[in-house]
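Heads up, the sequence shown is in numbering that gives the first Met the number 0, so the first residue is 0 and it goes up one at a time.
Even glycine gets a Cβ: it sits at the ideal position worked out from N, Cα and C.
Keep in mind it's a predicted model, so treat the numbers as computed, not measured.
Beneath this line is the structure, given in structure tokens, with notes to follow.
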Amino acid sequence: MGLFSFFGQGFIFRLLAFVLGLAVHEYGHAKMALLLGDDTAKKEGRVTLNPLAHLDLLGLLMILIVNFGWAKPVVFNPNKIRINRKLGIVLISLAGPFMNAILALLAILALLAISSSGSAFWLTGVGMFLANLSFWLAVVNIALFIFNLIPVPPLDGWKILKYSLPPRWLSRSSQFERIGPFFLVLILILPIGNTTLGGLVINSAISGIMGLFGLVA
């Protein structure tokens, strides 16, 4: 029994969607840093959409085990940013989730195009493959977009919030950064009904966004 038949068809598409979603996310960070004058990520080979440049082995393993994982974080040097340093960090942090939002939108549009093409194409092998891949690309990238914007260390949402705060608050943020990962774990494991707090937020966002386009997740 192969991997495909053991985990089922949906698993393969989820895995592909996660790998692609994580790759475009980290590419977004790396490309924005380069546009702002920092070539650190470029020197490390991270300004690419090739997933192999971004995958983290433990993060990939976690995708296989718990259906959620991570990639290697993009490293950048704030001192090389040509514009205001705080604004640069905010833009670099935003770029990752922004790329997930773009990929999710493209996947939704592809899914709508496939669904409107008629059952003749929908039921073909190519049609079913593209429909499944588009569906999971939309779902996974919406999840990555929402999750990474949660304003808790060490997520992008926290960096965006931190460097948008007035200077007097910036010095106090280090206190929260020490306990931030605890709150993140709490969000991920705190049970709410038959899911978790994080799951409730992300699943609600997925259902809401897909619903705007007349799709059901």
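Run of the alpha helix (DSSP H) containing residue 140, from where it starts to where it stops: Start and end: 124-147.
What first and last residue would you give for the alpha helix (DSSP H) that runs through residue 169? Counting along the chain, residue 169 sits inside the alpha helix (DSSP H) bounded by residues 166-169.
Should residue 205 and residue 141 be called a contact, given that it needs their Cβ atoms to be closer than 8 Å? Yes; because the gap between Cβ atoms is below 8 Å, this pair is in contact.
Tell me, please, which residues DSSP counts as bridged to residue 54. In the DSSP output, where bridge partners are listed per residue, residue 54 has 70.
For the stretch 74-92 and the stretch 34-42, state whether three or more C-beta atom pairs, one from each stretch, are separated by less than 8 Å. Touching, per the Cβ criterion.
Nearest to residue 14 by CA position, among 132, 192, 184, 207, is which residue? Nearest of 132, 192, 184, 207 to residue 14, Cα basis: 132.
Exposure of residue 29, with buried meaning 16 or more beta-carbon neighbours within 10 Å: Buried: at least 16 other Cβ atoms inside 10 Å.
Less than 8 Å between C-beta atoms, sequence neighbours within five positions excluded: which residues of the same chain meet that for residue 120? Excluding sequence neighbours, residue 120 sits near 113, 126.
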